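Sequence lines, in order, name chains D and R. Counting from 1, one number per residue, gives the positions in the first sequence under our numbering. Counting from 1, one number per residue, gives the positions in the second sequence under our numbering. Written below as structure tokens is the structure these notes are about.
Number of protein chains: 2
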Amino acid sequence: MAHVLDKKAVTIQDVARQANVSTATVSRALSAPNSVSAKKRDAVLAAVESTGYRVNRAARSLRTQRSNTVLALLPTLGNPFFSQVLQGIVDVLTPAGQALIVAETDQINNAGDDLISYFEDQRADGVIVLDGALSPSSLARLHNSSHGSRVVFACEWPASGGFPSVRSANADGARKAVEHLYDLGHRFIAHVAGPEGNVLTPARRDGFLEACAERHVATLCMAGDFSLDAGINAAAEILAMENRPTAVFCASDVIAFGLISGLTRAGVSVPEDISIIGFDDIEYSEHFIPPLASIRQDRVALGQAAARMLLDRYGSDSGAPVEEIRKLPVEFIARASTAAPR
Amino acid sequence: MAHVLDKKAVTIQDVARQANVSTATVSRALSAPNSVSAKKRDAVLAAVESTGYRVNRAARSLRTQRSNTVLALLPTLGNPFFSQVLQGIVDVLTPAGQALIVAETDQINNAGDDLISYFEDQRADGVIVLDGALSPSSLARLHNSSHGSRVVFACEWPASGGFPSVRSANADGARKAVEHLYDLGHRFIAHVAGPEGNVLTPARRDGFLEACAERHVATLCMAGDFSLDAGINAAAEILAMENRPTAVFCASDVIAFGLISGLTRAGVSVPEDISIIGFDDIEYSEHFIPPLASIRQDRVALGQAAARMLLDRYGSDSGAPVEEIRKLPVEFIARASTAAPR
DNA sequence: CCGGCGCTCGTAATCGATTACAAATATGAC
DNA sequence: GTCATATTTGTAATCGATTACGAGCGCCGG
Chain D
1 MAHVLDKKAV TIQDVARQAN VSTATVSRAL SAPNSVSAKK RDAVLAAVES TGYRVNRAAR
61 SLRTQRSNTV LALLPTLGNP FFSQVLQGIV DVLTPAGQAL IVAETDQINN AGDDLISYFE
121 DQRADGVIVL DGALSPSSLA RLHNSSHGSR VVFACEWPAS GGFPSVRSAN ADGARKAVEH
181 LYDLGHRFIA HVAGPEGNVL TPARRDGFLE ACAERHVATL CMAGDFSLDA GINAAAEILA
241 MENRPTAVFC ASDVIAFGLI SGLTRAGVSV PEDISIIGFD DIEYSEHFIP PLASIRQDRV
301 ALGQAAARML LDRYGSDSGA PVEEIRKLPV EFIARASTAA PR
Chain R
1 MAHVLDKKAV TIQDVARQAN VSTATVSRAL SAPNSVSAKK RDAVLAAVES TGYRVNRAAR
61 SLRTQRSNTV LALLPTLGNP FFSQVLQGIV DVLTPAGQAL IVAETDQINN AGDDLISYFE
121 DQRADGVIVL DGALSPSSLA RLHNSSHGSR VVFACEWPAS GGFPSVRSAN ADGARKAVEH
181 LYDLGHRFIA HVAGPEGNVL TPARRDGFLE ACAERHVATL CMAGDFSLDA GINAAAEILA
241 MENRPTAVFC ASDVIAFGLI SGLTRAGVSV PEDISIIGFD DIEYSEHFIP PLASIRQDRV
301 ALGQAAARML LDRYGSDSGA PVEEIRKLPV EFIARASTAA PR
């Protein structure tokens, strides 16, 4: 109980001396208790307690060649979308004794800090990438290396494939939005897409177009990105049209906010004049005015699933990465931003 | 240029052999280029290049007793407020060669994972805490240890003081909100506070009360927390009143969203009937309907300042923590959620 | 030409754990 | 009781870097 405050750091040697055993026995008592007699084990545990011993991670990592650390790579930490995914990752990693370090993609793609270097200098022994736009050279190098099997993508994925990933059922979400609007009676639906470089953009757009085609619904796709401005621009575009769509499916809630804001300011009301559905179901959607119908992705579950998939891979270390795609279901959340067309 | 793909990991020995020098020279050529002759330095650099050598962090940490890693401790990663603070932290840390690991306070306060253990087992050599509600026992132990000087608080701070911290000028923000409302003509202003356990709550409330007292403005404080529900509850409370305040200053934008949502649904319109000001200026405030006036905190700057303060402390390692409080200015952002009272 | 000073550089110790191997001890079958 | 086998335990090598120490060498003043 009594922790030795300060002095020198307590090492395994100190514990061994105190317990009258060798350092090997201390190590075993802690990591494989069954391989040691009850008597010695208790002595070691008591000595650990009384000295306040904590294993030195650097020393362990050096010897075992495992850092017990996972790197999460994000496009930008500033985007609140990812924070809950991170939480899911931490939820799984921490109980498994793994630490999480975070870095931004820019530092990988632009600065010389190659992704593979995180493996090579033992900073991490696994990576969860939340960005489908990793540079192709990084990807190729990773794929050819022995570390490829310790990479998992979450939320997004590389267009070229080849890596395991966890993602939401994006096309299915788009389909659900279309179904809902179709059932309300809409026959001309627009879509404000995400940025062209992003893999989510075609996934959602294709799901939208396919579902509309099946139902002979007229469509219109507008270029965008996931920002408020994209919605505001889309609003301007729609306002300038003669024949306006009666509903809009947006590739993100944030786009929808911008769109609603732009339409409302111009006197076009939602949902009376135009119905709107977003994607993501972020926290504020429920309390936006009007509350925004959306496709909910379970972000915490995405993070958890990705972390688990990564840890599973640690077991079966086959070398090359295997493309294993896990799609998590999404849910349509009905709210007051949709209604039957006039 | 030609990277050796896979094989065994390249070690400093390999580089030394290739360059025909000792490992000591390789180490020096990389960490203190001036202490080595130009000829050998070039040979080493060439060998590093041709072998693709990367220093093994675990080995370095073990030898130097520094992990070059900073721990960021958050109440919960799920809260998007912190993501931009984290970004600021990373902005400063990465160029300084420091990695960032993140953990949640729960795991420190509840699980046995003591904060000080991050120092003791060399997982981190500095900590940035984004939570004022660390358990007192953790704090005390930290303060008495030799690691106390490597802790910096950001955004929040322990009520008991004693540690350096970076924070927004919370009271000043409240004052600015009151000034604005007073100038519009409001003489009865309510405040929806944050949660009682949080240090930000009294900071903002006291600033509010003081500014109101100076101007002989009638006040009303409502208990709350930083959630949407707190705003919705406050709306109900206000709707039930005979003499309603003409303006409400909320301890967070999220509270304000809930409040506006609750008032609007009941037919009370903002800002015609009641003016509302939030705190934080989160991204959505600008596009809420109506756009929400707020007190802007520069979250990225908070993170940057905290990271810099921590790194500065590394230099002057005096042992005990010094209470140094750095308050970053906040800005009042005028938007359509306020107007003169009827 | 000698001695001293200042650079470079290499040898080897060191950080603190894990673990291969062998030694010591316990267990069980006959 | 003996011998073979199984279980515990200790000794010492090992992971890959950094760095104290001292050797070697060049330069300079006297």
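A virtual CB, placed ideally from N, CA and C, is assigned to each residue, including glycine. Owing to the predicted nature of the structure, the values given are computational and were not obtained by experimental measurement.
Restricting to Cα atoms, I'd like to know which of the options is closest to residue i.
{"i": "residue 201 of chain D", "options": "D/156, D/239, D/161", "result": "D/156"}
{"i": "residue 105 of chain D", "options": "D/123, D/129, D/83, D/119", "result": "D/129"}
{"i": "residue 268 of chain R", "options": "R/247, R/126, R/28, R/161", "result": "R/247"}
{"i": "residue 18 of chain R", "options": "R/65, R/53, R/37", "result": "R/53"}
{"i": "residue 293 of chain D", "options": "D/282, D/303, D/301, D/161", "result": "D/282"}
{"i": "residue 145 of chain R", "options": "R/321, R/51, R/196", "result": "R/321"}
{"i": "residue 124 of chain R", "options": "R/143, R/91, R/58", "result": "R/58"}
{"i": "residue 161 of chain R", "options": "R/175, R/101, R/132", "result": "R/132"}
{"i": "residue 334 of chain R", "options": "R/188, R/313, R/176, R/215", "result": "R/176"}
{"i": "residue 184 of chain R", "options": "R/23, R/147, R/341, R/15", "result": "R/341"}
{"i": "residue 198 of chain D", "options": "D/15, D/186, D/167, D/158", "result": "D/158"}
{"i": "residue 182 of chain D", "options": "D/325, D/275, D/196", "result": "D/275"}
{"i": "residue 21 of chain D", "options": "D/60, D/84, D/41", "result": "D/41"}
{"i": "residue 329 of chain D", "options": "D/118, D/314, D/297, D/23", "result": "D/297"}
{"i": "residue 136 of chain D", "options": "D/150, D/114, D/118", "result": "D/114"}
{"i": "residue 273 of chain D", "options": "D/285, D/134, D/336", "result": "D/336"}
{"i": "residue 312 of chain D", "options": "D/287, D/150, D/186", "result": "D/150"}
{"i": "residue 215 of chain D", "options": "D/229, D/188, D/239, D/228", "result": "D/188"}
{"i": "residue 304 of chain R", "options": "R/212, R/291, R/168, R/134", "result": "R/168"}
{"i": "residue 195 of chain D", "options": "D/209, D/228, D/84, D/24", "result": "D/228"}
{"i": "residue 186 of chain D", "options": "D/244, D/139, D/239, D/107", "result": "D/244"}
{"i": "residue 97 of chain R", "options": "D/97, D/80, D/118, D/92", "result": "D/118"}
{"i": "residue 332 of chain D", "options": "D/212, D/277, D/44", "result": "D/277"}
How about residue i and residue j: are their beta carbons less than 8 angstroms apart?
{"i": "residue 254 of chain R", "j": "residue 263 of chain R", "result": "no"}
{"i": "residue 71 of chain D", "j": "residue 152 of chain D", "result": "no"}
{"i": "residue 204 of chain D", "j": "residue 256 of chain D", "result": "no"}
{"i": "residue 338 of chain D", "j": "residue 180 of chain D", "result": "yes"}
{"i": "residue 251 of chain R", "j": "residue 226 of chain R", "result": "yes"}
{"i": "residue 101 of chain D", "j": "residue 142 of chain D", "result": "no"}
{"i": "residue 77 of chain D", "j": "residue 87 of chain R", "result": "yes"}
{"i": "residue 289 of chain R", "j": "residue 261 of chain R", "result": "no"}
{"i": "residue 16 of chain D", "j": "residue 26 of chain D", "result": "yes"}
{"i": "residue 9 of chain D", "j": "residue 120 of chain R", "result": "yes"}
{"i": "residue 68 of chain R", "j": "residue 122 of chain D", "result": "no"}
{"i": "residue 166 of chain R", "j": "residue 326 of chain R", "result": "yes"}
Please report the Cβ distance between residue i and residue j, rounded to the nearest whole angstrom; I am assuming they are in contact, meaning their Cβ atoms lie under 8 angstroms.
{"i": "residue 178 of chain D", "j": "residue 249 of chain D", "result": "7 angstroms"}
{"i": "residue 47 of chain R", "j": "residue 36 of chain R", "result": "Rounded, the Cβ-Cβ distance is 13 angstroms, inconsistent with contact."}
{"i": "residue 164 of chain D", "j": "residue 309 of chain D", "result": "6 angstroms"}
{"i": "residue 259 of chain R", "j": "residue 234 of chain R", "result": "5 angstroms"}
{"i": "residue 222 of chain R", "j": "residue 237 of chain R", "result": "6 angstroms"}
{"i": "residue 301 of chain D", "j": "residue 89 of chain D", "result": "With 8 angstroms as the limit, residue 301 of chain D and residue 89 of chain D do not qualify as a contact, their Cβ atoms being about 11 angstroms apart."}
{"i": "residue 14 of chain D", "j": "residue 51 of chain D", "result": "6 angstroms"}
{"i": "residue 207 of chain D", "j": "residue 174 of chain D", "result": "3 angstroms"}
{"i": "residue 193 of chain D", "j": "residue 224 of chain D", "result": "5 angstroms"}
{"i": "residue 103 of chain R", "j": "residue 73 of chain R", "result": "6 angstroms"}
{"i": "residue 299 of chain D", "j": "residue 107 of chain D", "result": "With 8 angstroms as the limit, residue 299 of chain D and residue 107 of chain D do not qualify as a contact, their Cβ atoms being about 23 angstroms apart."}
{"i": "residue 284 of chain D", "j": "residue 314 of chain R", "result": "No, residue 284 of chain D and residue 314 of chain R are not in contact; Cβ-Cβ is about 39 angstroms, not under 8 angstroms."}
Check whether the Cβ of residue i lies closer than 7 angstroms to any heavy atom of the ligand NAP, and answer yes or no.
{"i": "residue 53 of chain D", "result": "With respect to the ligand NAP, the structure shown offers nothing to examine, as it has no ligands at all."}
Q | Cβ-based contacts, 7 angstroms cut-off: residues of the stretch 42 to 55 of chain D near chain R | A | 54, 55
Q | Continuous alpha helix (DSSP H) assignments of at least 4 residues falling wholly in the stretch 140 to 228 of chain D | A | 170 to 184, 200 to 214
Q.
If the cut-off is 8 angstroms on Cβ atoms, which residues from the stretch 90 to 109 of chain R count as contacting chain D, listed in chain order?
A. 90, 94, 99, 100, 101, 102, 103, 104, 107
Q: Would you list, in sequence order, the uninterrupted beta strand (DSSP E) runs of no fewer than 3 residues that lie entirely inside the stretch 244 to 322 of chain D?
A: 247 to 250, 275 to 277, 294 to 296
Q | Complete beta strand (DSSP E) runs within the stretch 51 to 81 of chain R (minimum length 3 residues, chain order) | A | 69 to 74
Q: Output, in sequence order along the chain, the residues in the stretch 251 to 278 of chain D whose CB is closer than 7 angstroms to any CB in chain R.
A: 257, 258, 261, 264
(Q) For a minimum of 4 consecutive residues, which ranges assigned as the alpha helix (DSSP H) are wholly contained in the stretch 88 to 130 of chain D? (A) 105 to 109, 115 to 120
Q. What residues in the stretch 125 to 152 of chain R have a beta carbon less than 8 angstroms from any beta carbon of chain D?
A. 141, 144, 145, 146
Q: Could you please tell me which residues of the stretch 203 to 215 of chain R, in chain order, have their CB closer than 7 angstroms to any CB of chain D?
A: none
Q: Residues of the stretch 213 to 247 of chain R with a CB closer than 7 angstroms to any CB of chain D: list them in chain order, please.
A: 228
Q: Identify each residue in the stretch 27 to 39 of chain D for which the Cβ-Cβ distance to at least one residue of chain R is less than 8 angstroms, and report them in chain order.
A: none
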